[in-house]
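Residue 1 is where the sequence shown starts when you use the numbering used here, and the numbers rise one by one after that. Idealized CB from N, CA, C, for every residue including glycine.
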Amino acid sequence: MRCVSVNLRFGKEAAAGLSVLVYDKTGRMLAGASSDPTGQAQVCLARTQYPHHFTITGMGFRQVDQPWPLTSTAYNVQLAATLGPAYHAGTRLSFRVLQQSATKLVLQQQADTITLAADLRP
């Protein structure tokens, strides 16, 4: 197995819910993972798979592209904010619901995954 581990940060804060996607030379996605609440994500591939590069993407952040390393590697990634497209008032956006519970909602729009968690503090 060859793995890429990433520690995602925006300023001093962990960046949770971002997508780490692995592609081959043709642009076909081989695997993916989402960063956890601590900003950590890991993607592992069998040696029989031939990854070319990986992408870190999330709404509100500039996309990061990196060639796939020859050996298992850990990265510390400092993310840059991006304003993204502007939408007019009243614009409706469609999201796919990936997971839904009383305390958590996970949505997807294109390659981006958004995790909304309830704040249960009094």
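Cβ neighbours of residue i in the same chain (closer than 6 angstroms, five flanking residues each side left out)
i, result
"residue 93", "none"
"residue 74", "5"
Cβ-based burial, residue i [other Cβ within 10 Å; buried from 16]
i, result
"residue 26", "exposed"
"residue 97", "exposed"
"residue 117", "exposed"
"residue 35", "buried"
7 angstroms CB neighbourhood of residue i in its chain, flanking five on each side removed
i, result
"residue 111", "19, 21, 57"
"residue 24", "30, 50, 51, 52"
According to DSSP, residues forming a beta bridge with residue i
i, result
"residue 32", "21"
"residue 5", "42, 74"
"residue 104", "117"
"residue 81", "61"
Residues of its chain near residue i, where Cβ-Cβ distance is below 8 angstroms and the 5 sequence neighbours each way are ignored
i, result
"residue 109", "59, 93, 94, 95, 96"
"residue 62", "79, 80, 81, 82"
"residue 9", "15, 39, 76, 77, 78, 79"
Taking contact to mean at least 3 C-beta pairs separated by less than 8 angstroms, is the segment 78–89 in contact with the segment 41–48?
no
Check whether the segment 86–101 and the segment 47–55 are in contact - that is, three or more C-beta pairs closer than 8 angstroms.
no
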